[in-house]
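> As they're listed, the protein sequences go chains A and B.
Using our numbering, the letters of the first sequence map in sequence onto residues 1 to 82.
Using our numbering, the letters of the second sequence map in sequence onto residues 83 to 493.
Here you go, one structure.
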Amino acid sequence: MTPTQIRAAFIADLTAVAPDIDPETLGDNDHLQDDLGLDSMDFLNLVSALHRRFGLPIPEADYARLATPAKAVAYLQEATAA
Amino acid sequence: MSIFTMPSLGADMEEGTLVEWLVKPGDRVARGDVVAVVETQKGAIEIEVFETGEVTELLAEPGQTLPVGAPLARLGTAGAAEKAPRPSATPTAPETPVPAGSARSAPAPSSPAPAAQPAAAPPRPAATGAVLASPAARSRAAELGLPLDQIAGSGPGGAILLADVGRQADAGPGTAPQPPAPAPKGKPGLDMAEMRRAIAAAMSRSKREIPHYYLGHEIDLQAAQDWLAATNAARTPDRRLLIGALLIRATVRALAKVPELNGRFESDPFAPSAPVHCGVAVAMRGGGLIAPAILDAQDKDTDAIMEAMRDIVARTRTGRLRMSEITQGTITVSSLGETGVDALFGVIYPPQVALVGFGAPRLRPMLREGIVQPRLAVTITLAADHRISDGRRGALFLAGIDRLLQEPETL
């Protein structure tokens, strides 16, 4: 997948978890918890959705690498290419 | 024979709007079945029936706003099943439309009729545009990105019902490849001003009537966190636990030794509740909160509590809660989550008698065997009703939660 496709997929899963987030105004460096207000349950639901979509284990130790859309796209690209 | 009435879903609720019937005349219902959806300050709520029998007649139409206690349906209860003429329609057809505004509610003299005979309100006009649709259908259609004018309505006057939206969605790709609707702010169909009013009413009553006392205690969460990390390492994300599930599990278990903190103070003297219907305060994205209860939490292990939390948080935010979940809570747990501050001092949700607050877990210097170590810690607080319990018992309760969290593998 290209970074553009990964980003679109990530944002689709993010907005499914938090429907009030507007993809148009979402910043690539917005922090999911601090800026976008996801709580631990929202975040776990997002990780679950990404796990289903990409078939990646996404261990808890990697959670910090999903902190912003930009970081998450880089992480997912690296993990899917591996 | 009995009459199923508009339930009260909170002390401040005076009326509700019937959104949708999920049963029709002739249907058998059992105690606990969801039979209708009612729009309230807490969003659309699924209403359960508390008797077993057969629906003989529907007395209210979707769209009607009716006072609490107004008759909604007639039930033939087991044993005295009066046979209503079965509708000739097929099972999937909607019930016979009733002319707008017709008040054909005439409870039998022996039935527990409400004090005031309600004047049936005329169905609300469609809120926007010319398309008639129930609020539930509107919000579902918006979620699915289905334009209302492309859905065939089967309700009164051709109104679109939730089931119609489902049929359209099930019709599969090709029929409606629509772009997604603009993302709704917060939960669809939820009126933030109404929710604020509901919170104001409950919290004002609490502070007016309940003499609160407060206790706080710092708990070492490192053992629980270590156990959690090891447990989650072997699990796929959809089966992982949150620390919040352990906190609720420990709270529910600790109540066994201090049962007077669990219950609803609705009649004097107070009687503790045997089941623990543990309310979980869920913050709504966009403001406000709802505290639906995990029913019979005493019978759920940590995994089951986690499963129930996932389900109830999802339904609080984007779906529908059940009447029992918002009217039967016996205690409430409120957690600030990972990014909050150290402690929260709660306001009891009446008529409950206690609220447990968890601050944000955070690494703190703690003394372990004479050495200062960084440990994950959380401040737990108790707000409790001083008419029912005293600080000494409350302290026992918090100490019990602490003790249970030191042995997470036995939770």
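We treat Cβ as the ideally placed atom computed from N, Cα and C, and that holds for glycine.
Does any residue of chain B bring its CB to less than 8 Å from the CB of E60 of chain A?
Judged by the 8 Å Cβ criterion, E60 of chain A is in contact with chain B.
> Assign A39 of chain A to buried or exposed, taking buried as 16 or more other Cβ atoms, counted over all protein chains shown, within 10 Å of its Cβ.
The residue you asked about is not Ala; residue 39 of chain A is Asp in the sequence shown. That one is buried.
> In whole angstroms, what is the alpha-carbon distance linking E143 of chain B and E342 of chain B?
Their Cα atoms are separated by approximately 43 Å.
> For the pair the region 89-96 of chain B and the region 282-300 of chain B, tell me if three or more CB-CB distances fall below 8 Å.
Yes: at least three Cβ pairs fall under 8 Å.
> Which first and last residues belong to the beta strand (DSSP E) in which T133 of chain B is found?
Looking at the sequence itself, residue 133 of chain B is Glu, so the reference to Thr does not match. Element bounds for E133 of chain B: n/a, residue is neither H nor E.
> When DSSP labels each residue in this structure, what does R322 of chain B get in the three-state scheme?
In the structure shown, R322 of chain B sits in coil (DSSP, three-state: anything other than H, G, I, E or B).
> Which of the residues in the region 22-54 of chain A, read from start to end, lie with their CB under 7 Å from any CB of chain B?
So the list reads D22, Q33, D34, G37, D39, S40, M41, L44, V47, S48, H51, given in the order they occur along the chain.
> Per DSSP, what kind of secondary structure is I430 of chain B in: helix, strand or coil?
If DSSP states are grouped into helix, strand and coil, I430 of chain B belongs with coil.
> If you reduce the DSSP assignment to three classes, tell me which class S288 of chain B lands in.
In this structure, S288 of chain B counts as helix in the three-state DSSP scheme.
> Within the continuous alpha helix (DSSP H) that includes M405 of chain B, where are the two ends?
Run containing M405 of chain B: 405-409, per the alpha helix (DSSP H) assignment.
> Give the secondary structure of K165 of chain B by DSSP, where H, G and I count as helix, E and B as strand, and everything else as coil.
Legend: pLDDT at K165 of chain B = 43, less than 50; position of this residue unreliable, no value from coordinates given.
> Use the C-beta contact count for V423 of chain B: other C-beta atoms within 10 angstroms, 16 or more gives buried, fewer gives exposed.
When all chains shown are included, V423 of chain B counts as exposed.
> Within 10 Å of its beta-carbon, does K124 of chain B have 16 or more other beta-carbons around it, so buried, or fewer, so exposed?
Answer is buried; the Cβ neighbour count reaches 16.
> What residues from chain B crowd round A18 of chain A, counting only those whose CB sits closer than 7 Å?
Simply R367.
> Can you tell me whether DSSP reads M274 of chain B as helix, strand or coil?
M274 of chain B: helix per DSSP, three-state reduction.
> Along the chain, which unbroken stretches of the alpha helix (DSSP H) at least 4 residues long are found entirely within the region 431-491 of chain B?
Runs of the alpha helix (DSSP H) inside the region 431-491 of chain B: 473-487.
> Of the choices B:E97, B:G114, B:R290, whose alpha-carbon is the least far from that of L148 of chain B?
It is B:E97.
> Distance cutoff 8 Å, beta carbons only. Does P319 of chain B sit that close to anything in chain A?
Chain A contact via Cβ: present.
> In whole angstroms, what is the alpha-carbon distance linking M448 of chain B and Q5 of chain A?
The alpha-carbon atoms of M448 of chain B and Q5 of chain A are separated by roughly 47 Å.
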